[in-house]
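Undergrad: Following this message is one structure expressed as structure tokens.
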Amino acid sequence: MRLLGKLTWAAIPWNQPIPLIAGAAVIVVILMVLAWVIVRGHLPYLWREWITSVDHKRIGVMYTLLGLAMLLRGFIDAIMMRSQQALAFRAPGYLPPEHFDQVFSAHGTIMIFFAAMPLMIGLMNFAVPLQLGVRDVAFPTLNSTSFWLTATGALLVNISLVIGEFARTGWLPYPPLSETTYLPGVGVDYYIWSLQISGVGTLLTGINFVTTILKIRAPGMSYLRMPMFCWTALAANLLIIAAFPVLTATLAMLALDRYLGFHFFTNSGGGNMMMFINLIWAWGHPEVYILVLPAFGIFSEVISTFSGKPLFGYRSMVAATLFICLVSFMVWLHHFFTMGAGGDVNAVFGIATSIIAVGTGVKIYNWMFTMYGGRIRYATPMLWAVGFMVTFIIGGMTGVLLAVPPADFQLHNSLFLVAHFHNVIIGGVLFGAFAGITYWFPKAFGFKLHEGWGKAAFWFAIVGFYVTFVPLYVAGILGMTRRLQHYDVAEWRPWVLAAGVGIIVLFVSMVCQIIQLVVSIRHRDALRDETGDPWNGRSLEWATASPPPAFNFAVLPNVQGGEPYWHVKQHAVAAGQLAAEPDYQPIEMPRNSPTGFITAFFTTITGFSLIWHIWWMVGLGIAAAYGVFVWFAWRDIAEYEIPVEEVARLDRERRRARQEWLDAHAREIA
Amino acid sequence: MSTTDAVVDTRRGVDPYKIGRGGYGGGGRATGHGEGGPASKSVIVGYGFWLFLLSDIVLFSCLFAAHAVQRNATAGGPTGPELFDPSSIALETTALLLSSFTCGMAAVATGVRNQLWTQIFLLITGLFGAAFLVLEARDFTAMIERGASPQVSGYWSSFFAVVGCHGLHVTAGLLWLGTMIAQIYVKGFRPNILRRILCFNLFWHVLDIIWVALFTIVYLIGEGR
Amino acid sequence: MTDHGDSDDVIPGLIETGPYSVWEKVEVYVLGLVLAALLTIAAFYVVHTHLIWGPAIPMALAVLAIAQIGVHLVFFLHITTAPDNTNNVLALAFGVLIVTLIIGGSLWIMGHLDDRLMLMGQVVGQSTR
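Put into structure tokens, the structure is as follows:
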């Protein structure tokens, strides 16, 4: 047994210029940023206020940043894929097949697990406790651990770029290709351990949020008085609890096959390859609803706020959400209609898939009726929302088309399928993320994002999306399969080229987003959110200052009905002044803790050594992670107290800002 | 742990299901309407851990599903019933069931804050758990020696995975138990320690529930066929 | 995090607080132990004797197992139908639903796949080796 297992200098891609240069560039940038942080003395602040933070708002921001960074990396993979295909008509292109395979695998894995999930989880982290009128989630330190474990997973996937290789199986590692017989390298192992580790983090998030939403709400906030985003967050997190163990179990079985020669999914010895596909999609389908349900919730908030009306049909929305949550666990076979289960099985799942669309249909109608008769303001979040409604309807319709097994036999694994799922994920999840980020950014940072660049980003995004993916629908119908490194059918060429143009438009959109951020930071004083309620909001998060103090609310609000903040605001506007100052008390808040970060550090070591078969390091990593956990469990003081003077000072500032606004706008309102 | 968490007394005939009170959607303290504000820490921790255990049960169900699918996948090699030792399985079942009982006894002792009896019962729980593991390890070794290793066929892979996963959970539980015994000794019955004891109780009982499913499905139904 | 609040929820797994003596609480566990032991013995008995008609044995075992799991839930975990236990029961029901879908769904799907594989003289799940 060698000291470093399978790890040798040959693991670094010396003879592959693209990953070598890309990796080197990223490492240089990271080192420069680290150097700047340390030299400028920001490290203690970062450690104290962010890395060891157990505050849901900070964790939410970090999740969102991770998601945006990984969105960038995944988008670069997408550019590589589109450009390769644009060039590779009766030509080899510039990406050799074994590299192209890793690119599309990394693209999917990163986008789903490290871009979309963190973006949604980040927004839920930030907004849900504020909307519920409480101080934090149920398990704050666990929350921090969840984030750092997710970051560990992202780190491992990115390390695979420069040390070793990534999986070449696509974003789901179907056996027997993923078994050691055909892929004995470290690629699939990077995939497995990165997802097992971040999967634990996500499961813990699910537990955290279901407990929070069901057990920790402001007094008087019954279930039917919760904001819609909290309902969809509840449904999504219930699905996380139900589905992620399936992912963990299935990848564990694959790992047992690869590491210990078990026969779960092997080609021989009683293995059943189709069982992998069955189990992985039993996770995979709920996963996409985990992604889209929070987005639906964001749109409910945005549409009602920017239409100036309460959400239409609240109770039917709740019912639709729970319906989607339940049925999403009954449709998973539609991902493998062609695997040979027979007409009756296919029919049942096909019908169930069509039925689940009804839930979303109810939601779309409710959003439309919310807008109808309202005074609509087309701020950037509202643009994303309307763009979503149009785009998601189309994507959903192609989904219902694919739900018909005979049609799916033609279209399975074609670019039509690829276009469908990008249609719903981009139109739903990504637009939802951008809407949510733009909507809650002022709450998190105290100043709005620049409207002009935001609108530009939106228009380039929506145009770019259609220009990229509508041609792929056509190419799919014309028979082009997915994941082709090169092709020679002339009929497909114009569509592939058109998609290549579309990706450039999307690239411009991305540039607009970056410019928007830079410009907004530069002009933050002009864009300042003075009162904490920049959009004339309706739910409780807008009752706090921007950014809120650590304790969120000086006194937990007493909720009397739905849309509690709206009613409080109307009273204040009518009276021309705020309600009486509350009776301030000292507030106990959970202490920051390095546990999450340190556990994740040792988990990274464990994961890396599992991948490279460095067994002694595996043992060390596990022991260290366990040791950190015990050390944390031994602490005596879990909370600190914020003195009543501090609480009063912060809250009086907030009240003063709002009273100023009331005074300034008295004549307009009257 | 606050023993003043008021629990509705169902014995005294008071309206426990709040049938005669409150209107729709605004029933005051009615069950399930959740208007009382944030729950107490013990409720939060207990519920969260209960959710975790349910997720663990889902994990086991996947391993069960795999074993059920591969119930005949012996690839011409040895089958389960050939190699199962019914008396050993009966002993393991007894050990685990008794350990669940002593764990409950420890919970009762905790309820009256009796350090001595809590520790005694927790220790006995651990001993029964260790006995279970020793018996199971012996079984595994015997089966592997007789040619039934997980590398032999899909049947044995899934068998060792599902039974082994349970054994790993028992092992982790014993590690946790050891830590708990130390913590109770050093820190006494503080609120956070009480919450952890509660979680351990939940965990240990659920492990026995999974064992019931295990010995029924894996061992007995296999033999029955 | 305040320590008061919605008093209508009970902690899962907590034996009811209230005016119950230590011996009353011990009784609950003893009863659970006795019932569980009887059900276990019955299960082993069913397999090793001819009391039950052969093809019905799996069903009998399933019934005994479900009964014993119920005993564990009620006597050891104190999951009851009391109104303060609603959240805990709902969570359990959700878990049971998911387990049923996964195991039942997998068996149904994989069984169909095997049926339609139509290998000559092949038994479910066995490889061609």
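Residue numbers (our numbering), protein chains in the order written: chain A, 1 to 670; chain B, 1001 to 1225; chain C, 2001 to 2129. We put the beta carbon where it would ideally sit given N, CA and C, even for glycine.
1) What do you reckon, is the C-beta of residue 384 (chain A) under 7 Å from a heavy atom of the ligand NAP?
2) Which residues in chain A sit within 7 Å of residue 2113 (chain C), going by Cβ to Cβ distance?
3) Tell me which same chain residues have a C-beta within less than 7 Å of the C-beta of residue 1023 (chain B), skipping the five on either side of it?
4) Could you check where the alpha helix (DSSP H) with residue 504 (chain A) kicks off and where it finishes?
5) To the nearest angstrom, how far is the alpha carbon of residue 390 (chain A) from that of residue 337 (chain A)?
6) In whole angstroms, what is the alpha-carbon distance linking residue 2049 (chain C) and residue 280 (chain A)?
7) According to the Cβ coordinates, are residue 460 (chain A) and residue 505 (chain A) closer than 8 Å?
8) So, at 6 Å on beta carbons, what are the nonlocal neighbours of residue 465 (chain A) in its own chain, with the 5 sequence-adjacent residues on each side left out?
9) Distance, Cα to Cα, residue 533 (chain A) vs residue 447 (chain A)?
10) Should residue 46 (chain A) go down as buried or exposed, given a rule of 16 or more other Cβ atoms within 10 Å for buried?
11) Alpha carbon to alpha carbon, what distance is there between residue 414 (chain A) and residue 495 (chain A)?
12) Using 10 angstroms around the beta-carbon of residue 1149 (chain B), count the other beta-carbons present and answer buried if the total reaches 16, otherwise exposed.
13) DSSP on residue 40 (chain A), reduced to helix/strand/coil?
14) Is it buried or exposed for residue 103 (chain A), if we count other Cβ within 10 angstroms and need 16 for buried?
15) Between the stretch 151-171 of chain A and the stretch 229-237 of chain A, do three or more beta carbon pairs fall short of 8 Å?
16) I'd like the span of the beta strand (DSSP E) that includes residue 589 (chain A), first residue to last.
17) So with Cβ pairs under 8 Å, would you call residue 1162 (chain B) a contact of chain C?
18) What does a CB cutoff of less than 8 Å around residue 1066 (chain B) pick up in its chain, not counting 5 residues either side in sequence?
19) Verify the CB distance criterion: does residue 208 (chain A) have a CB-CB separation below 8 Å to chain C?
20) What number of angstroms, rounded off, separates the C-alpha of residue 1207 (chain B) from the C-alpha of residue 625 (chain A)?
21) Just to make sure I have the definition right: I need the residues of chain C whose C-beta is within less than 8 Å of the C-beta of residue 246 (chain A). Which are they?
22) Which residues in chain B sit within 7 Å of residue 134 (chain A), going by Cβ to Cβ distance?
23) Can you check whether the C-beta of residue 2110 (chain C) is within less than 8 Å of a C-beta belonging to chain A?
24) Are the beta-carbon atoms belonging to residue 1184 (chain B) and residue 2099 (chain C) less than 8 Å from one another?
25) Hey, could you find the ends of the alpha helix (DSSP H) residue 473 (chain A) is sitting in?
26) Taking the beta carbon of residue 190 (chain A) as the centre, do at least 16 other beta carbons fall within 10 Å, making it buried, or is it exposed?
27) So, with DSSP's three-state summary, where would you put residue 672 (chain A)?
28) Would you be able to state if there are at least three C-beta pairs under 8 Å between the stretch 485-504 of chain A and the stretch 112-120 of chain A?
29) Drop a sphere of 10 angstroms on the beta-carbon of residue 1187 (chain B), count the other beta-carbons inside from all chains shown, and report buried for 16 or more, exposed for fewer.
30) Is DSSP giving residue 121 (chain A) helix, strand or coil here?
31) Assess, as a yes-or-no matter, whether the stretch 142-154 of chain A is touched by the stretch 3-16 of chain A under the definition of 3 or more beta carbon pairs within less than 8 Å.
32) Considering only residues of the stretch 120-170 of chain A, which uninterrupted alpha helix (DSSP H) runs meet the minimum length of 4 residues and lie entirely inside it, listed in chain order?
33) Just how far apart, CA to CA, sit residue 1193 (chain B) and residue 2082 (chain C)?
34) Tell me which residue opens and which closes the alpha helix (DSSP H) that residue 63 (chain A) is part of.
35) Do residue 429 (chain A) and residue 295 (chain A) have their C-beta atoms within less than 8 Å of each other?
36) Thinking C-beta only, is residue 1034 (chain B) closer than 8 Å to residue 223 (chain A)?
TA: Per the coordinate set shown:
1) This structure does not include the ligand NAP; it has no bound ligands of any sort.
2) Working through the third sequence from its first residue, we reach residue 2113 (chain C) at position 113. Under the 7 Å cutoff, chain A gives 274, 339, 340 and 341.
3) Locating residue 1023 (chain B) in the second sequence gives position 23, counting from the first residue. Since pLDDT at residue 1023 (chain B) reaches only 44, below the 50 mark, its modelled position is unreliable, and the value read off the structure follows with that caveat. The answer is none, since no qualifying residue turns up.
4) Position 504 of the first sequence holds residue 504 (chain A). Its alpha helix (DSSP H) spans residues 493-522.
5) Indexing the first sequence from 1 puts residue 390 (chain A) at position 390. Indexing the first sequence from 1 puts residue 337 (chain A) at position 337. Computed Cα separation, rounded: 28 Å.
6) Position 49 of the third sequence, counted from the first residue, corresponds to residue 2049 (chain C). Position 280 of the first sequence, counted from the first residue, corresponds to residue 280 (chain A). If you take the alpha carbons of residue 2049 (chain C) and residue 280 (chain A), they lie about 41 Å apart.
7) One-based indexing of the first sequence puts residue 460 (chain A) at position 460. One-based indexing of the first sequence puts residue 505 (chain A) at position 505. With a cutoff of 8 Å on beta-carbon distance, residue 460 (chain A) and residue 505 (chain A) are scored as near each other.
8) Numbered from 1 along the first sequence, position 465 holds the residue referred to as residue 465 (chain A). If we look at residue 465 (chain A) and ignore the five residues flanking it on each side, its Cβ neighbours are 426.
9) Translated into positions along the first sequence, residue 533 (chain A) becomes position 533. Translated into positions along the first sequence, residue 447 (chain A) becomes position 447. Their backbone Cα atoms lie some 11 Å apart in a straight line.
10) Working through the first sequence from its first residue, we reach residue 46 (chain A) at position 46. Taking all protein chains in view, the Cβ of residue 46 (chain A) is surrounded by fewer than 16 other Cβ atoms within 10 Å, so the residue is classified as exposed.
11) As a first step, residue 495 (chain A) must be located in the first sequence, where it is residue number 495. As a first step, residue 414 (chain A) must be located in the first sequence, where it is residue number 414. When only Cα atoms are considered, residue 495 (chain A) and residue 414 (chain A) end up about 14 Å apart.
12) Here residue 1149 (chain B) is taken as the residue at index 149 of the second sequence, counted from 1. The residue is buried, with at least 16 neighbouring Cβ atoms inside 10 Å.
13) Translated into positions along the first sequence, residue 40 (chain A) becomes position 40. Coil.
14) Position 103 of the first sequence, counted from the first residue, corresponds to residue 103 (chain A). Classification for residue 103 (chain A): buried.
15) no
16) Taking the first residue of the first sequence as position 1, residue 589 (chain A) is located at position 589. Per DSSP, the unbroken beta strand (DSSP E) holding residue 589 (chain A) starts and ends at 587-590.
17) Taking the first residue of the second sequence as 1, we reach residue 1162 (chain B) at position 162. No - not a single Cβ of chain C is within 8 Å of the one on residue 1162 (chain B).
18) Working through the second sequence from its first residue, we reach residue 1066 (chain B) at position 66. Excluding positions up to five away in sequence, the list reads 1158, 1161 and 1162.
19) Along the first sequence, one-based indexing puts residue 208 (chain A) at 208. The Cβ of residue 208 (chain A) sits no closer than 8 Å to any Cβ of chain C.
20) Taking the second sequence and counting its residues from 1, one reaches residue 1207 (chain B) at position 207. Taking the first sequence and counting its residues from 1, one reaches residue 625 (chain A) at position 625. Rounded to whole angstroms, residue 1207 (chain B) to residue 625 (chain A) spans 24 Å at the Cα level.
21) For the purposes of this step, residue 246 (chain A) is identified with residue 246 of the first sequence, where counting begins at 1. Near residue 246 (chain A) (Cβ distances below 8 Å), the residues of chain C are 2102.
22) For the purposes of this step, residue 134 (chain A) is taken as residue 134 along the first sequence, with counting starting at 1. What residue 134 (chain A) touches in chain B: 1038.
23) On the third sequence, position 110 is the one that residue 2110 (chain C) refers to. Yes - at least one Cβ of chain A is within 8 Å of the one on residue 2110 (chain C).
24) Start at 1 with the first residue of the second sequence, and residue 1184 (chain B) comes out as number 184. Start at 1 with the first residue of the third sequence, and residue 2099 (chain C) comes out as number 99. In this structure, residue 1184 (chain B) sits away from residue 2099 (chain C), with a CB-CB distance that is not shorter than 8 Å.
25) Residue mapping note: residue 473 (chain A) aligns to position 473 of the first sequence, counting from 1. It spans 451-477 - the alpha helix (DSSP H) in which residue 473 (chain A) sits, taken as one unbroken run.
26) As a first step, residue 190 (chain A) is located in the first sequence; it is residue number 190 there, counting from the start. It counts as buried.
27) Only positions 1 to 670 of chain A appear in the structure, and residue 672 (chain A) is not among them; the question remains open.
28) no
29) Here the question's residue 1187 (chain B) lines up with position 187 in the second sequence. Under this definition residue 1187 (chain B) is an exposed residue.
30) As a position in the first sequence, residue 121 (chain A) is number 121, starting the count at 1. Three-state result, residue 121 (chain A): helix.
31) no
32) 140-162
33) Taking the second sequence and counting its residues from 1, the one referred to as residue 1193 (chain B) is at position 193. Taking the third sequence and counting its residues from 1, the one referred to as residue 2082 (chain C) is at position 82. Each residue's Cα considered, the two are about 27 Å apart.
34) For the purposes of this step, residue 63 (chain A) is identified with residue 63 of the first sequence, where counting begins at 1. Start and end: 56-87.
35) Within the first sequence, numbered from 1, the residue matching residue 429 (chain A) stands at position 429. Within the first sequence, numbered from 1, the residue matching residue 295 (chain A) stands at position 295. A contact, by the Cβ cut-off of 8 Å.
36) If you number the first sequence from 1, residue 223 (chain A) lands on position 223. If you number the second sequence from 1, residue 1034 (chain B) lands on position 34. Residue 1034 (chain B) sits close to residue 223 (chain A), with the two beta carbons spaced by under 8 Å.
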